[in-house]
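Below you'll find the structure, written out as structure tokens, and then a few comments.
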Amino acid sequence: MADAGYLTIGKVVKRLQAEYPDLSVSKVRYLEDEGLLTPSRTPGGYRLYSSKDIKRLETILYLQKHRFLPLSVIREELDGHGEESVVALANDYPEAIVDDEEVRNSLHPLENMPELLGVSIAFVRDLANIGIVDLKRSPRGRELVNGSDFPLIRTADSLKRFGIEPRNLRQYVNAANRETTMFEQALSVMGPRQGEFTAEQRASYKQAFEQLLSLTNAIRDDLIRRNFRQVLAAISDTQEP
């Protein structure tokens with residue numbers, strides 16, 4: 026039964042992988058097992074996905090990746106909203122999970138990352154190996170992820186669509202470490218000569234740090250843009266008749 030408008034599970038995965046590189050046939054089947062998807066079946070048992078099914082899958086993936094909602098919450102929201110669009114559901118959760126102080130200040134089991142962030146455990150481990158993520162261990166040896174690292178994990182996952190893997194990000198870790206040392210030296214004159222920071226000193230220190238960060242980011246961004254203009258110019262030259 027190859028009905029018009031229906032796609033097989035393999036074609037669904039292929040269609041959405043540009044936006045969600047980690048999407049696989051096994052993950053779609055897992056979402057079905059969890060009761061989030063109910064595709065049609067051919068007499069032979071093959072899954073067929075309608076445009077409605079695909080839209081629901083996109084909603085699930087979006088809320089999981091960009092709003093960090095657990096599958097249990099996504100299921101409740103989808104059932105409650107019926108067939109509302111991704112945008113409508115996303116507006117109900119405007120980065121709330123990321124900005125939630127309790128989430129940022131909590132440690133989360135590594136094995137929960139597929140459900141919480143929509144990324145594989147292996148991917149988070151790869152990020153930890155290069156220093157992007159700082160894995161902790163519980164007294165019983167359980168691997169834990171700091172909620173403050175969630176935005177880093179999300180950004181690294183988004184870079185995968187451009188072919189940038191965790192190993193390619195090591196240079197940013199090294200650069201960040203060097204810049205941190207430079208910032209500490211530059212701001213050392215603002216530190217207390219003895220004792221603790223006063224509230225006023227702490228506020229001034231943080232303000233100066235933000236200014237330093239903004240200025241150094243501007244230099245880096247402008248240098249990269251200048252280099253890329255040269256790349257584009259070289260490409261244009263090679264294409265001229």
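Numbers in our numbering are just positions in the sequence shown, counted from 1, shifted up by 25. Glycine included, C-beta positions come from ideal geometry on N, C-alpha and C.
- If you check the CB distance, Val158 and Val144 do not come in under 8 Å.
- Under the three-state reduction of DSSP, Thr33 is assigned to strand.
- Exclusion of the five residues before and after Met215 leaves Gln226, Ser229, Tyr230, Ala233 as the residues of its chain whose Cβ lies within less than 8 Å of its Cβ.
- In the three-state reduction of the DSSP assignment, Leu169 falls in the strand class.
- In the DSSP annotation of this structure, Tyr74 is not part of any alpha helix (DSSP H); the continuous beta strand (DSSP E) holding it starts and ends at 72-74.
- Pairing Leu248 with Thr67, the inter-Cα distance amounts to about 56 Å.
- Note on geometry: alpha-carbon atoms of Leu32 and His133 lie some 36 Å from one another.
- Going by C-alpha positions, Val37 is about 12 Å away from Lys52.
- For the pair Val170 and Leu135, the CB atoms are nearer than the 8 Å cut-off.
- Between the alpha carbons of Lys80 and Arg40 lies a gap of roughly 12 Å.
- For Leu160, the CB contacts under 6 Å within the same chain, skipping 5 residues up- and downstream, are Ala153, Glu168 in chain order.
- Annotation: the continuous alpha helix (DSSP H) that includes Pro139 extends over 138-142.
- Taken through DSSP and simplified to helix, strand or coil, Arg203 comes out as helix.
- In this structure, DSSP gives Leu212 a helical state, which the three-state scheme calls helix.
- By a beta-carbon distance limit of 8 Å, Pro64 contacts Asp78. Their separation comes to about 5 Å.
- Under the three-state reduction of DSSP, Leu132 is assigned to strand.
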